[in-house]
Structure formats: C-alpha cells, structure tokens
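Enquirer: This structure is in structure tokens; I'll ask about it shortly.
Number of protein chains: 2
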Amino acid sequence: MSYTAPIKDMLFAMEHLANLEQVAQIPGFEDAGLETAQAVLEESAKLCESVVEPLNIAGDTQPSSFEGGQVTTTPGFKEAYQQFMEGGWQGLQHPADFGGQGLPKTIGAACVEMLNASNISFALCPLLTDGAIEALLTAGSDELKATYLEKLITGEWTGSMNLTEPQAGSDLALVRTKAEPQPDGTYKVFGTKIFITYGEHDMAENIVHLVLARVVGAPEGVKGISLFVVPKFLVNADGSLGARNDVHCVSIEHKMGIKASPTAVLQYGDNGGAIGYLVGEENRGLEYMFIMMNAARYGVGMQGIGVSDRAYQRAVQYARDRVQSRPVDGSVAGSAAIIHHPDVRRMLMTMRAITEGCRAMATTAAAAYDAAHHHPDAEVRKANAEFYEFMVPLVKGYSTESSLEVTSLGVQVHGGMGFIEETGAAQYYRDAKILTIYEGTTAIQANDLVGRKTARDGGKNAKDIAAQIAKTEEQLLASGTAAAQAMALRLKNAREAFLDVVDFVVGKAKASPNAVYAGSVPYLMLTGNLVAGWQMGRALLVAQDKAAKGEDVAFMQAKVVTAQFYAEHILTRTTSLRDSILAGGESTCALALDAF
Amino acid sequence: MSYTAPIKDMLFAMEHLANLEQVAQIPGFEDAGLETAQAVLEESAKLCESVVEPLNIAGDTQPSSFEGGQVTTTPGFKEAYQQFMEGGWQGLQHPADFGGQGLPKTIGAACVEMLNASNISFALCPLLTDGAIEALLTAGSDELKATYLEKLITGEWTGSMNLTEPQAGSDLALVRTKAEPQPDGTYKVFGTKIFITYGEHDMAENIVHLVLARVVGAPEGVKGISLFVVPKFLVNADGSLGARNDVHCVSIEHKMGIKASPTAVLQYGDNGGAIGYLVGEENRGLEYMFIMMNAARYGVGMQGIGVSDRAYQRAVQYARDRVQSRPVDGSVAGSAAIIHHPDVRRMLMTMRAITEGCRAMATTAAAAYDAAHHHPDAEVRKANAEFYEFMVPLVKGYSTESSLEVTSLGVQVHGGMGFIEETGAAQYYRDAKILTIYEGTTAIQANDLVGRKTARDGGKNAKDIAAQIAKTEEQLLASGTAAAQAMALRLKNAREAFLDVVDFVVGKAKASPNAVYAGSVPYLMLTGNLVAGWQMGRALLVAQDKAAKGEDVAFMQAKVVTAQFYAEHILTRTTSLRDSILAGGESTCALALDAF
Numbered sequence: 001m002s003y004t005a006p007i008k009d010m011l012f013a014m015e016h017l018a019n020l021e022q023v024a025q026i027p028g029f030e031d032a033g034l035e036t037a038q039a040v041l042e043e044s045a046k047l048c049e050s051v052v053e054p055l056n057i058a059g060d061t062q063p064s065s066f067e068g069g070q071v072t073t074t075p076g077f078k079e080a081y082q083q084f085m086e087g088g089w090q091g092l093q094h095p096a097d098f099g100g101q102g103l104p105k106t107i108g109a110a111c112v113e114m115l116n117a118s119n120i121s122f123a124l125c126p127l128l129t130d131g132a133i134e135a136l137l138t139a140g141s142d143e144l145k146a147t148y149l150e151k152l153i154t155g156e157w158t159g160s161m162n163l164t165e166p167q168a169g170s171d172l173a174l175v176r177t178k179a180e181p182q183p184d185g186t187y188k189v190f191g192t193k194i195f196i197t198y199g200e201h202d203m204a205e206n207i208v209h210l211v212l213a214r215v216v217g218a219p220e221g222v223k224g225i226s227l228f229v230v231p232k233f234l235v236n237a238d239g240s241l242g243a244r245n246d247v248h249c250v251s252i253e254h255k256m257g258i259k260a261s262p263t264a265v266l267q268y269g270d271n272g273g274a275i276g277y278l279v280g281e282e283n284r285g286l287e288y289m290f291i292m293m294n295a296a297r298y299g300v301g302m303q304g305i306g307v308s309d310r311a312y313q314r315a316v317q318y319a320r321d322r323v324q325s326r327p328v329d330g331s332v333a334g335s336a337a338i339i340h341h342p343d344v345r346r347m348l349m350t351m352r353a354i355t356e357g358c359r360a361m362a363t364t365a366a367a368a369y370d371a372a373h374h375h376p377d378a379e380v381r382k383a384n385a386e387f388y389e390f391m392v393p394l395v396k397g398y399s400t401e402s403s404l405e406v407t408s409l410g411v412q413v414h415g416g417m418g419f420i421e422e423t424g425a426a427q428y429y430r431d432a433k434i435l436t437i438y439e440g441t442t443a444i445q446a447n448d449l450v451g452r453k454t455a456r457d458g459g460k461n462a463k464d465i466a467a468q469i470a471k472t473e474e475q476l477l478a479s480g481t482a483a484a485q486a487m488a489l490r491l492k493n494a495r496e497a498f499l500d501v502v503d504f505v506v507g508k509a510k511a512s513p514n515a516v517y518a519g520s521v522p523y524l525m526l527t528g529n530l531v532a533g534w535q536m537g538r539a540l541l542v543a544q545d546k547a548a549k550g551e552d553v554a555f556m557q558a559k560v561v562t563a564q565f566y567a568e569h570i571l572t573r574t575t576s577l578r579d580s581i582l583a584g585g586e587s588t589c590a591l592a593l594d595a596f
Numbered sequence: 001m002s003y004t005a006p007i008k009d010m011l012f013a014m015e016h017l018a019n020l021e022q023v024a025q026i027p028g029f030e031d032a033g034l035e036t037a038q039a040v041l042e043e044s045a046k047l048c049e050s051v052v053e054p055l056n057i058a059g060d061t062q063p064s065s066f067e068g069g070q071v072t073t074t075p076g077f078k079e080a081y082q083q084f085m086e087g088g089w090q091g092l093q094h095p096a097d098f099g100g101q102g103l104p105k106t107i108g109a110a111c112v113e114m115l116n117a118s119n120i121s122f123a124l125c126p127l128l129t130d131g132a133i134e135a136l137l138t139a140g141s142d143e144l145k146a147t148y149l150e151k152l153i154t155g156e157w158t159g160s161m162n163l164t165e166p167q168a169g170s171d172l173a174l175v176r177t178k179a180e181p182q183p184d185g186t187y188k189v190f191g192t193k194i195f196i197t198y199g200e201h202d203m204a205e206n207i208v209h210l211v212l213a214r215v216v217g218a219p220e221g222v223k224g225i226s227l228f229v230v231p232k233f234l235v236n237a238d239g240s241l242g243a244r245n246d247v248h249c250v251s252i253e254h255k256m257g258i259k260a261s262p263t264a265v266l267q268y269g270d271n272g273g274a275i276g277y278l279v280g281e282e283n284r285g286l287e288y289m290f291i292m293m294n295a296a297r298y299g300v301g302m303q304g305i306g307v308s309d310r311a312y313q314r315a316v317q318y319a320r321d322r323v324q325s326r327p328v329d330g331s332v333a334g335s336a337a338i339i340h341h342p343d344v345r346r347m348l349m350t351m352r353a354i355t356e357g358c359r360a361m362a363t364t365a366a367a368a369y370d371a372a373h374h375h376p377d378a379e380v381r382k383a384n385a386e387f388y389e390f391m392v393p394l395v396k397g398y399s400t401e402s403s404l405e406v407t408s409l410g411v412q413v414h415g416g417m418g419f420i421e422e423t424g425a426a427q428y429y430r431d432a433k434i435l436t437i438y439e440g441t442t443a444i445q446a447n448d449l450v451g452r453k454t455a456r457d458g459g460k461n462a463k464d465i466a467a468q469i470a471k472t473e474e475q476l477l478a479s480g481t482a483a484a485q486a487m488a489l490r491l492k493n494a495r496e497a498f499l500d501v502v503d504f505v506v507g508k509a510k511a512s513p514n515a516v517y518a519g520s521v522p523y524l525m526l527t528g529n530l531v532a533g534w535q536m537g538r539a540l541l542v543a544q545d546k547a548a549k550g551e552d553v554a555f556m557q558a559k560v561v562t563a564q565f566y567a568e569h570i571l572t573r574t575t576s577l578r579d580s581i582l583a584g585g586e587s588t589c590a591l592a593l594d595a596f
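Residue numbers (UniProt numbering), protein chains in the order written: chain Z, 1 to 596; chain A, 1 to 596.
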C-alpha cells in the first residue's frame with residue numbers, strides 16, 4: 001500500500017495559514033514562493049514515495065546490525081542515502097554560503113514530514129545532521145565551520161548528538177564525560193555515551209559527533225558542561241580524512257521500533273583519548289545544545305505528523321478494501337467495505353483531523369521561525385521568536401503524543417490484520433512510541449511550556465495567543481455557516497479552558513509547584529489541541545470561502561468537514577483537561593511513597 | 001523486576017464491593033467465603049509469580065514456532081502448563097459434576113487476572129479452554145459432555161474457538177466453512193479458519209476445536225451457522241485417543257505481541273473431511289458461540305486489567321530506582337528518584353487508578369454473574385443477569401482500551417529505557433494492542449452496548465444503574481469528607497453526562513443510526529469510566545470508614561487517595577466524551593468517500 005505525499009494539504013497550509021508569500025518577501029527568500037514550494041515538494045515526494053518509503057518494512061525486518069565495531073545498515077539504505085545526498089536534500093534549509101539551498105523552514109518542514117512518513121528510521125540520519133549543522137552555525141569557530149559545515153550540508157558526512165549517559169538522561173547535570181585540554185588547543189575526550197542515534201553506520205564516510213563533556217576542573221552541574229566536535233575520522237588540513245579517532249561503537253540497542261536506525265553506545269577515549277574540538281566557549285555547552293535540541297524537537301514533531309499521516313493513509317486503503325458487515329443505516333444491502341461503518345469513520349476522521357491540525361500548527365510555527373531568524377525588522381523578529389518558542393513544545397509534545405493515538409487507531413482499523421506484522425500498521429505503532437521520549441520526553445516539553453514559556457513572562461505570550469484565537473472566533477461567528485458556528489463555539493470553550501489553566505499556572509507555579517507540574521502534560525495537551533484547532537478554524541474560513549467561489553471545491557469541502565470534526569471531537573477534549581488540571585493537583589502527589 | 005499479585009486489593013473488591021459473603025450464601029457456594037478466597041488467591045499467586053511470570057520474556061524472545069505441521073511452544077511453557085494442570089486451576093470455576101472445583105466467578109476472575117498479569121500468552125490457552133467448556137456445558141449432548149468435558153476441565157485437553165475465516169472476521173454471516181452430514185450422525189467439515197489461538201501446540205495431548213460451519217443447504221447469513229466439535233485426535237469409546245482427525249495447522253502468524261501464543265491457520269478436510277460432532281441443534285451455532293464469546297470477552301477484560309497491573313508494578317519499581325533531576329518543590333536537594341517528580345506521579349497514579357477501577361468493576365460484575373447463574377430466586381437471577389449483560393462490553397471494552405493507555409504510560413515512565421526491549425515495558429505495550437481487537441473489537445462491544453444493552457430496553461437498564469450511582473453520590477455527600485465531596489461531584493457530572501448520552505442513543509438510534517453509532521465507542525468509554533468510577537466511589541466510602549476506625553490504615557488511605565485521583569483525573573473525561581457524542585454525530589460521516 002503505497003504512500004502519497006499530501007502535497008496539496010501542505011501547500012494549503014503554507015499558502016493560507018503560514019502566508020508563504022509573506023515569508024518570500026523576507027530578504028534571501030525571494031525565490032521561495034508558492035511555485036518553488038510546489039516544485040520542491042513534488043521532487044521531494046518522488047524520492048520519498050519511490051525510494052525511501054519502499055525500504056521502510058525492510059528496515060523493520062532487517063534492522064541495522066552490529067559486528068566487530070561496525071554497523072551495517074538495512075540493505076538499500078546506503079544507496080537511498082546516496083540518492084538523498086545527490087539530490088541536495090540535506091542542504092535544503094541551510095545557508096547558501098556553505099552550499100545549502102537556503103530555503104525557508106516553511107517549505108523545508110514539509111519535506112521533513114514526507115521523509116518521516118516514508119521511513120522514520122531513515123529520516124533520523126538527516127535529522128541528526130541538521131542538529132549538528134545548527135550547532136556549528138551558531139557557535140562554531142570559523143575554522144570548525146570551514147572544516148565541517150560544507151561536508152555536513154552536502155550530506156557527505158553525517159552528524160550525531162551525544163548527550164545521554166547511563167546516569168544522565170533528562171538530567172544533563174549528571175553528565176560525566178571528561179575533556180582534558182591539550183597544549184595544541186584540542187581536548188582529549190573520555191567517557192561513555194548511550195542512545196546515540198546513527199552514532200555509527202555505513203552510509204557516509206565520516207560522522208561528526210557533537211558531544212557534551214565536562215572540561216577538567218569545570219563547575220558541577222549544567223554550568224560546567226561544554227560542547228565538542230569529535231569526528232569519527234580526523235580531518236587533514238586539506239579536508240581529506242585522516243586517522244581514525246578514539247571513539248568506538250561498542251554495541252547497538254535492540255529496540256521496539258525504528259529498528260533500522262542504529263542506536264549506539266559510544267566509547268570515547270579507551271585508547272588514549274578521542275580528539276575533540278571545543279564549540280564556542282567552555283561551559284556554555286548546554287546553551288548550544290539547546291539550539292540543536294530546539295531544531296531537533298521541531299523535527300521530532302514532524303516525525304509524529306509524518307507517521308500519523310502514513311498510518312492514516314494505510315488505514316484508509318484497508319478500510320476501502322476490507323468488506324465486512326452491513327452498514328447500520330442500511331445504505332448498502334449486505335456486507336460493505338468497512339469505511340461505510342460509522343466507527344471506522346470516527347477512527348479515520350480522528351486520524352485525519354489530528355494530522356491536519358498538527359500539520360497546520362507546525363507550518364505556521366515554521367513561518368514564525370523564518371521570520372524570527374531572517375526578517376529585517378527587529379520587532380517582527382522578536383514577536384515571531386516568542387511565538388515560535390511557545391510553539392516548539394507543542395509541535396514536539398502534542399504532535400507526538402497524538403501520533404500514539406493515531407497509530408493505535410491505525411492498527412485498530414485493520415482489526416486482527418493490524419496485529420500481524422506483515423500488514424505494516426503495527427510498525428507505525430511501535431515506531432511512534434519513541435517520539436514522545438527522545439529529544440526530551442513529553443514531560444520535559446511540558447516543563448518547558450510551564451516554566452520558561454508560560455510562568456516566566458506571567459502568561460503574557462500565552463494570553464497574546466489567546467487574543468489572536470478570539471479574533472478567529474469572531475471571524476467564524478461573522479461568517480455564519482453552521483460549520484463555522486460549531487468551530488467558534490468549541491474554540492471559545494477551549495480558549496477559556498486554556499486561559500483558566502494559564503491563570504492557574506502563573507498564579508501557583510511558585511506557591512504550589514507540585515500541583516502545577518502535576519498538570520503540566522495535560523496543559524501541554526490542552527494547549528497543543530487548542531492551537532492546532534485554531535489553525536483548523538482559520539483553515540475552515542479559507543476553505544468555505546474558496547468552496548463558495550467554486551475553487552477546488554472537493555478539497556475545500558473536505559477541509560471544512562475535517563475542521564468541523566476537529567472542533568466537535570478533538571477540541572471538546574480541552575474542557576476535561578482543564579477540569580483535571582485545576583482540581584487534580586493535590587491528589588496526584590498525595591499517595592504515600594511506600595503505598596505505590 | 002518481579003510480579004506481586006495484588007491479593008489485598010482483590011480481596012478488598014470481593015469483600016466490600018462484590019459482597020462475597022452474600023455470594024457465598026448461594027447454594028453450591030457455601031464454602032466460597034473470604035477464607036477460601038484468600039487461600040485460593042495465595043496459591044494462585046505462588047504459581048503465577050514463581051512459574052508463569054518468569055516465562056513471559058522468553059515467550060517474547062523465543063516465540064512459538066512452526067515446522068512440518070507442528071507447533072513448538074516456548075521452552076518452559078509445556079512444563080508450566082503441566083503444573084497449572086496438576087494444580088487443578090483449569091477447573092476452578094467449572095462444575096464439580098465434571099471434576100471442577102465449582103468456585104464462583106467472583107473468586108475465579110482474580111486468578112484469571114493474575115495469570116494474565118504474569119503472562120498473557122500463556123494464559124490464553126486456559127482462556128480458550130474455558131470457552132469450549134462453556135459451550136459444551138450449555139449446548140453439548142450428554143455424549144459430548146461425557147466424552148470431552150472432564151478432560152477439558154482437568155486441562156489434559158485444551159480447547160480452541162474457530163470463528164474467523166479470511167473473509168469473515170467481525171462479520172460471521174460470511175462464514176463459508178462447510179459441514180456435510182454423514183449417515184452415522186457425524187459431519188465432515190471442510191474449510192479454512194484463521195487467527196485460531198492455540199489452534200495447534202504441544203502442551204496437551206489433544207485439542208478440542210469448537211468450529212462454526214455451515215451445514216450443506218443451510219440458510220445464508222448468520223441463521224445458517226452451526227457449531228461443531230472437531231477434535232484434533234478422535235476419541236475412542238473407552239476415552240483413549242484414536243486416529244488423527246483431518247484438521248491441520250498450515251502456518252502460524254508473525255505478530256506484534258503475545259508471540260508465545262500460537263495463532264494458527266487451520267485447514268479442515270484437505271484429506272477427505274474432518275470429522276465433526278454437532279453441538280446442540282443445527283443453525284443455532286451463533287447463539288452458542290455467543291455464550292463462549294461472552295465468557296471469553298469477560299476474560300479478555302481481565303487480560304487488560306492484568307497487563308495494566310503488571311505494567312504499573314514495573315513502572316513503579318523503575319521510578320523508585322531511577323535517579324534523575326531535582327524535584328520541583330525542592331523537597332530533595334540534588335537529583336532524586338523520579339517517583340518524586342509530579343508528572344511521574346501523574347502517570348503512575350493514572351495507571352493505578354484505572355487498574356483499580358477496572359478491577360473493582362470486573363469484580364462486581366463477576367458477583368452479578370454468579371447470582372445470575374446460581375441464585376435460587378428467579379427475580380434475583382434476572383436482575384443480576386441484566387446487570388451482568390450490561391457490564392460485559394464495559395469490562396471488555398473499557399478495560400482493554402484503558403490498558404493501551406496504561407501500558408503506553410508504562411513505557412513512558414521508563415524514558416528511553418522503555419523503548420529498549422530488554423527492559424520489559426515495551427512487551428506489555430505490544431501485547432496489549434491485541435486486547436482491543438480479538439473476541440470482538442471495541443466497536444463490536446460498543447455496538448452491543450448501544451444496540452442490545454441500551455436501545456433495546458429504551459435505556460431502562462442504563463437508567464437503573466444511574467439511579468444506583470446517584471445513591472452512592474448521596475452517601476458520599478453525607479459522609480462530608482473532602483475526598484468524598486470531590487468524588488460525589490465528579491460522579492454526578494459523569495452520571496449526568498451518561499444520562500444525556502443514553503437519551504441521545506435511545507432517542508436517535510432508529511432515526512439517525514449513523515450519528516448514534518458514530519458515538520458508540522465514546523459512549524462505551526464514558527460508561528466504563530463512570531461505572532469503574534462508581535465502584536471507586538463505593539470503595540472510598542468503605543476505605544475512609546475503615547481508616548477512621550484504625551483498620552489497615554495505610555491501605556485504606558491509599559484507596560481513598562486513589563479514588564479521589566480517579567474522580568479528578570479520570571471521571572473528568574466523561575463530560576468531553578458527552579460533548580463529542582452529542583455534537584459530533586454528523587461530522588463523523590460527512591466526508592465524501594473519495595475525499596479520504
């Protein structure tokens with residue numbers, strides 16, 4: 001059952017929700033209008049649909065394997081990566097100065113979604129490379145940039161992010177990897193890193209590890225962490241590869257999903273010390289790492305959207321083909337394709353509405369990123385940066401938590417066949433479960449949303465967004481259609497629930513931190529739900545207008561229906577979340593520790 | 001990380017919610033009081049904890065395998081089954097007349113939960129045998145009973161249920177397996193059955209297949225389906241095993257979970273016809289099958305509760321051990337065990353509250369089953385039968401859907417380690433996904449709840465239950481504690497939401513079937529949530545009373561906290577479900593078919 005990239009919906013979101021034509025007015029993005037977007041998406045779709053997606057099941061049944069320090073990836077991955085590289089896809093969003101194509105994230109994000117819909121395991125390699133590129137762009141010296149950036153941006157070399165250690169996962173204060181300064185300005189790195197995605201593989205000739213470590217004598221905790229580049233192979237002055245560095249893969253993990261993506265344990269310095277190069281200044285590693293993390297978090301959100309769409313498409317195909325039972329409304333005499341059954345519709349519509357809502361949210365967030373980084377006006381940059389910062393935990397947290405629901409429904413639509421591995425639906429269910437964990441668990445995203453994004457500015461940014469949502473409600477009410485009325489009502493309820501919780505968070509974060517943080521993930525789910533629903537409300541306004549004008553009527557009507565479904569089935573969840581957050585803070589932490 | 005059967009909570013539910021002492025007054029159950037229950041549970045726990053649970057991971061890593069028509073189960077399963085059999089566990093709930101122990105379901109269900117918490121794959125074999133026993137007890141001739149029942153009840157032979165065919169899953173009207181009457185009164189059976197759990201294995205010397213087939217010339221659809229016994233080995237007049245029957249396993253499935261449990265494709269009649277024996281009358285097969293199904297559905301509900309408890313216990317153990325980050329309330333200086341973090345608490349409490357709520361619901365349902373089948377007073381039997389019938393789709397549907405959430409949270413508590421297979425948490429997530437599918441998907445349970453259990457009697461039974469819940473609310477309000485007030489409020493909101501939906505279902509089932517059935521699964525989730533919450537409300541009343549009297553204070557206080565958490569975090573979900581059901585019927589089915 002093949003994958004078709006949802007180009008039309010992506011372009012709709014870019015054009016009508018993210019205002020791509022406005023993005024294309026930012027200096028440097030002049031060529032990045034709708035036409036470019038369409039051409040890029042079509043090319044990307046070709047590669048994803050015909051090269052990358054067909055390897056997805058093989059990646060599951062013939063995972064990456066480890067022997068003698070070497071990782072062999074799934075047959076076909078190396079060749080596909082070669083095509084990815086030759087197409088210039090790694091450089092899509094990166095600066096032209098270093099060989100990239102310099103396209104806005106608004107367009108690039110759609111390509112990331114497609115790649116992940118096709119094959120999360122494959123897509124992880126470029127995603128990690130993106131993180132390394134971001135870190136070097138932000139904080140790397142000219143020399144580091146000159147040595148590494150071009151090769152990373154072409155995709156000839158890949159990147160990896162080395163944060164986690166056995167005792168240090170979410171809590172990076174506990175990092176123990178050690179860096180000893182050398183007389184020549186380099187460092188020798190010693191330690192063990194675990195859970196390193198594509199930390200070792202055979203798809204590229206070099207791997208550029210970005211490594212958190214503690215310089216000898218540095219302060220304890222997060223203030224003593226520095227960031228280093230540690231290449232698998234040292235690089236000679238002429239850019240050619242030199243000696244093998246002292247970093248070695250000692251094993252890879254046996255995981256529930258994303259099996260083609262090797263998850264390495266890397267040992268640094270067992271033979272005298274791995275040579276590392278400081279990125280930026282000593283003890284500022286966490287700050288730089290957050291830049292990588294923020295890019296990666298957004299990317300993981302796109303993974304959630306991608307796998308959701310893929311699960312949806314497979315479920316639709318199955319529901320059209322599988323004949324079973326008579327429809328309850330008697331519309332078909334005898335047994336019918338199960339897509340005629342209301343509960344199958346409910347499942348498919350839930351999958352569809354969540355996926356489109358999250359895509360709409362992520363696309364508008366991407367446009368904010370572009371403006372935040374490239375707009376000539378500092379005020380515009382600042383406002384967009386605030387908006388984008390608020391969106392990152394939502395894109396990451398809400399899209400990935402929702403992907404668990406969507407991929408579960410995908411299995412469920414298949415009935416018993418969904419549980420049989422050959423069908424393919426189960427793989428999405430297994431793959432998706434990592435998305436709520438890596439690059440910061442949902443709780444970590446929620447802490448960010450509560451602490452840095454809501455409480456710190458007294459809820460100002462949150463309330464600004466609520467005010468924008470209220471404007472969309474007014475427009476919906478003014479339009480007068482039944483679908484718009486339904487959306488306005490549910491948006492209003494959800495926005496009011498959101499504001500109740502914002503007040504609770506802001507008011508109690510200091511006095512009752514346990515009660516507030518007990519509600520942090522529900523708050524994230526409420527907010528993500530609301531913001532995605534808001535974008536669906538905006539989409540509804542555009543679509544009903546277009547449909548009335550006879551433009552692309554089938555697509556536009558479908559958007560209206562999907563938006564109304566989102567309002568009535570997904571936005572309605574927010575009031576219950578509010579109730580549990582406001583009422584339930586105390587009971588969450590009330591059980592005696594030894595009673596568990 | 002070992003499993004400890006929750007004997008105390010099981011006995012609490014039996015004693016205080018299901019009123020076991022009253023069950024023990026029913027003729028035949030005189031010995032089945034609390035003392036017996038405790039002794040049985042302790043023995044069962046020994047077997048489960050020390051023999052069955054330790055095989056669970058091996059069942060996943062060394063699944064049942066198929067070669068040359070033979071299935072070899074996971075190493076150790078055969079020996080464990082021997083111990084299970086020798087302990088008399090298969091006969092626990094079956095009549096003493098045929099060698100069983102004749103204990104009430106109220107006690108037996110707890111043993112089923114333990115077995116499934118330990119090892120779902122293993123527990124499936126006895127669960128299927130139970131179904132075969134039920135069918136023969138209900139509809140088998142004396143001869144069939146004499147030939148098969150005793151061996152099934154000892155566990156020397158096992159049973160299987162053969163419903164599904166490639167084209168006939170939820171829709172049994174499409175069954176094509178054919179039965180040709182023979183002059184000697186037997187039938188020759190021809191056809192292919194798929195998804196047959198323990199349809200072939202090496203743990204017992206014979207397998208008694210209960211098979212749905214169509215007698216030649218029978219009416220089309222479900223009214224032409226008959227039920228047959230088709231033994232793997234024919235049985236001689238003296239009870240010894242005779243010739244191999246013409247039913248053969250041709251393959252087993254490669255599944256996402258419950259891998260130790262062989263899921264067979266069975267071929268009937270390739271060599272002249274499998275000899276089958278009619279159960280009951282021709283063309284009444286579906287009716288008998290429903291008896292098996294109802295028993296099995298309840299059993300699958302217990303599987304959901306079992307795997308939820310197991311996932312909870314493993315997550316608690318990990319959360320106590322794993323040290324990471326500083327608590328937000330500053331209660332620990334430096335990094336602490338993650339059980340100190342509010343979001344980890346929220347996840348653990350959610351797992352705990354749902355598991356206890358479902359257990360409480362299932363235990364009270366079991367007591368109703370016992371009274372419905374064995375009480376001397378016909379009125380009492382009838383009232384309990386109605387209650388039990390209403391409970392079956394809830395125990396099956398709500399407990400298993402909830403187990404998806406619970407096992408997902410179980411992985412999440414483990415962070416990255418949860419995604420690594422060796423940890424064990426991922427297996428529960430994979431195993432649980434079948435529970436919402438087999439023995440009738442959640443949609444099938446929901447159709448049953450809407451159609452036969454709610455609309456058919458105009459909502460009478462549903463409203464009777466709501467009236468009982470209202471009485472519990474009054475008791476809670478009268479008690480005056482904060483926990484009881486919180487519970488009363490949330491129960492009231494949930495009950496009112498339930499009644500709104502019952503009116504909607506009853507009022508619109510005929511006129512707007514699509515809108516009603518679009519809300520069927522949300523209605524099931526609302527109702528299961530409410531009924532489990534009601535039992536938690538009753539538990540709260542008992543527990544705060546006991547705690548006040550100084551009886552078993554730690555346990556009773558924990559029950560109060562867990563019940564309050566259930567009220568504030570789980571019961572609060574019902575109002576959103578109501579809103580989506582009442583508003584969302586139209587948008588669910590509004591999308592044009594070709595727009596998906």
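For glycine and all other residues, C-beta sits at the position ideal for the given N, C-alpha and C.
Report the neighbours of F565(Z) on chain A: residues whose CB is nearer than 9 Å to its CB, in chain order.
Expert: G584, S587, T588, A590 and L591
Enquirer: Can you find a CB in chain Z that lies within less than 8 Å of the CB of V222(A)?
Expert: Answer no: the Cβ-Cβ gap between V222(A) and chain Z never drops below 8 Å.
Enquirer: Curious, which full-length beta strand (DSSP E) runs of at least 3 residues does the region 175 to 249 of chain A contain?
Expert: 178 to 181, 187 to 197, 206 to 215, 226 to 231, 233 to 235 and 241 to 244
Enquirer: Does the Cβ of R452(Z) have 16 or more other Cβ atoms within 10 Å, making it buried, or fewer, making it exposed?
Expert: exposed
Enquirer: Over what stretch of residues does the alpha helix (DSSP H) that includes Q535(A) continue unbroken?
Expert: S520 to A548
Enquirer: Flag this pair as touching only if the region 362 to 377 of chain A and the region 426 to 442 of chain A have three or more C-beta atom pairs under 8 Å; answer yes or no.
Expert: no
Enquirer: Taking DSSP's pairing of strands, which residues face M161(Z) in a bridge?
Expert: L210(Z)
Enquirer: Do you know offhand how far P327(A)'s Cα is from I339(A)'s?
Expert: 9 Å
Enquirer: Smallest Cα separation from T363(A): which of L20(A), S2(A), Y3(A) and A5(A)?
Expert: L20(A)
Enquirer: Pick out whichever of G330(A), E220(A), G221(A) and N283(A) has its Cα sitting closest to the Cα of A511(Z).
Expert: G330(A)
Enquirer: Answer yes or no: do G285(Z) and L234(Z) have a C-beta to C-beta separation smaller than 8 Å?
Expert: no
Enquirer: For S399(Z), does the count of other Cβ atoms within 10 angstroms reach 16, so buried, or fall short, so exposed?
Expert: buried
Enquirer: Between which two residues does the beta strand (DSSP E) containing A274(Z) stretch?
Expert: A274 to V279
Enquirer: DSSP on K255(A), reduced to helix/strand/coil?
Expert: Three-state DSSP puts K255(A) in a strand.
Enquirer: Taking the straight line between their C-alpha atoms, what separation do you get for Y523(A) and A446(A)?
Expert: 7 Å
Enquirer: Return the bridge partner residues of Y67(A) from the DSSP annotation.
Expert: In the sequence as displayed, the identity of residue 67(A) is Glu instead of Tyr. In the DSSP output, where bridge partners are listed per residue, E67(A) has Q70(A).
Enquirer: Could you tell me the alpha carbon to alpha carbon distance between H230(Z) and A295(Z), rounded to whole angstroms?
Expert: The sequence as given places Val at residue 230(Z); His does not occur at that position. C-alpha separation (whole angstroms): 20 Å.
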